[in-house]
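Numbering (my numbering), first residue to last: 100 to 351.
In what follows, a structure is listed as structure tokens, so that the remarks can point back to it.
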Amino acid sequence: KEGLLTINQKTFYVSTDDQQVVYVMTPMDYVHDEVNSFVVGHDRLNLVIVKEDLVAARFGDVLLPSIGVVVSIDPESQLARQLVSDCDVDDQGYVDITGWSYQLQLLNLPPVDLMIGGGLLLMDHGEMVYEESIEVEGWKTPLSIMTQESDIQNLSIHPRTAIGLTKDKKLCVFVFSGRSQFSIGANYRHMCLIIKDMVPTIDKVMNVDGGASSFLAYVDPMGFVELNVPSATFDTCAGRVRNVYSMLEIEC
């Protein structure tokens, strides 16, 4: 809702209540549009941010990056005049940002100790909510469907991984083998029914990246022990863990 925008060691307060002067545009502003490029910021001073880096500033429209934001500023505002007072601007409206620094700090956020991103809340208060979650989390919007690596919105059977909390705040991890002679896998409904049967006190469950990356293992000084049957991939046989680039480690 509000934050501090720091550019070139100059700090300015920004708020959603002040959209005529400064506002921040993200890809989420266009989740319901069936297009694949977004021209934004007409007749304004626009700062293009990719990840954490300021990559361009222009008087005039810019393309909204898929992994960034556009900070759009009223070109007649005191802020815009201060930013470009000592900068060169070419005939296409691009500002020379050599040596510029940028930081956007959000204010009044609730404290967060740990955050894990997943694809779909499956259970809440011990009840199945995946059908509502598909809509609420936006998996059926045009932008989401066009950019997903896999069809999260579909009720398909695959190897699966999920994490959850019981009502007394105990962490649970669930891995469903699939795509093998031992198990075909599970869909969201299967996962909820099995988890509820295994852990009657379950409160919340979230689906995380599954497929051939789904594996559960135990590591001790004697070695690495697979506790499920990972599916085959292009370069690994069934039962052998593939190379994965992210995992959740729990110290026992």
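Glycine residues also receive a C-beta, built at the ideal position from the N, C-alpha and C atoms.
Check, Outcome
"Short Cβ contact (9 Å threshold) for Leu103 with Gln177", "no"
"Helix, strand or coil at Leu208 [DSSP, three-state]", "coil"
"Straight-line Cα distance separating Ile106 from Asp152", "12 Å"
"Residues bridged to Ser171 (per DSSP)", "Tyr122 and Asn145"
"C-beta neighbour in chain D for Ile293, strict 9 Å", "Chain labels in this structure do not include chain D; a single protein chain is all it has."
"Cβ distance (whole Å) where Ser171 is taken to contact Asn145 below 8 Å", "5 Å"
"Where the beta strand (DSSP E) through Glu101 begins and ends", "Glu101 to Ile106"
"Any 3 or more C-beta pairs closer than 8 Å across the stretch 266-285 and the stretch 180-200", "no"
"Proximity winner among Ile148, Lys109, Val235 and Trp238, relative to Ser184 (alpha-carbon distances)", "Lys109"
"Touching by the beta-carbon criterion (3+ pairs, under 8 Å), the stretch 253-273 and the stretch 308-328", "yes"
"Cys291 to Ser279 span [Cα, whole Å]", "21 Å"
"Inter-residue spacing [alpha-carbon to alpha-carbon] between Asp173 and Val120", "5 Å"
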